[in-house]
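Just so you know, we're using this note's numbering here: the sequence shown kicks off at 10 and counts up by one.
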Amino acid sequence: MSLKIKTLYLLMVTVISTIAPLSFPLLSFAETVAARIYQTGETMTFIEINLTPPAPPTLIVEMKLPSGSNIIKTMPPFSKQNKKSNSIKWLLKNVKDTSFSIQLVTQAKLDLGSTTVHIRYRNRDSGSLTEIQAVRVSQ
10 MSLKIKTLYL LMVTVISTIA PLSFPLLSFA ETVAARIYQT GETMTFIEIN
60 LTPPAPPTLI VEMKLPSGSN IIKTMPPFSK QNKKSNSIKW LLKNVKDTSF
110 SIQLVTQAKL DLGSTTVHIR YRNRDSGSLT EIQAVRVSQ
């Protein structure tokens, strides 16, 4: 190969590798799900979830509560409760909002240090299942 062909080939590869990612911005866009858990009183607990569009089509929210916790009400209502592991789950489909909250009313104040919230969703780009944990925030 002549020097002219090698230089032209190198230039073409450089241009393609630079332009291709710019042509497909959604392929390199990382979807983001962030969550935090906080309390606004003795018996009121919130799980706040923030999404960066495009939002995943389905979210699974699982909350493990300290033993002895008694849930009076959740909004939206939970989908499943496991009394042995003292956990509750929400299956949220077709989430359209970029920010929303799950509200819990309990009989007594929850110990947030012993409470965990995990959110699982399928990443639109890779198709892999991703799991995050909500951050505990003291108000």
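Heads up, the beta-carbon is just placed ideally off N, CA and C, and yes, glycines get one too.
For S11 and P65, I'd like the C-alpha separation in whole angstroms.
51 Å
For L138 and K98, the rounded distance between their alpha carbons:
17 Å
Residues near R145 by beta carbon distance below 6 Å, same chain, minus five either side:
I46 and L121
T139 bridges to which residues according to DSSP?
Y130
State the Cα-Cα distance for the pair L100 and L68, rounded to the nearest angstrom.
6 Å
Burial state of I81 (16 or more Cβ within 10 Å):
exposed
Is it the case that the Cβ atoms of T54 and L113 are separated by a distance below 8 Å?
yes
Go through its chain and collect everything with a Cβ distance to S108's Cβ below 8 Å, but skip five positions before and after it.
E57, I58, N59 and L60
Which of the three DSSP states, helix, strand or coil, is assigned to S96?
strand
Could you give the DSSP three-state label for K118: helix, strand or coil?
coil
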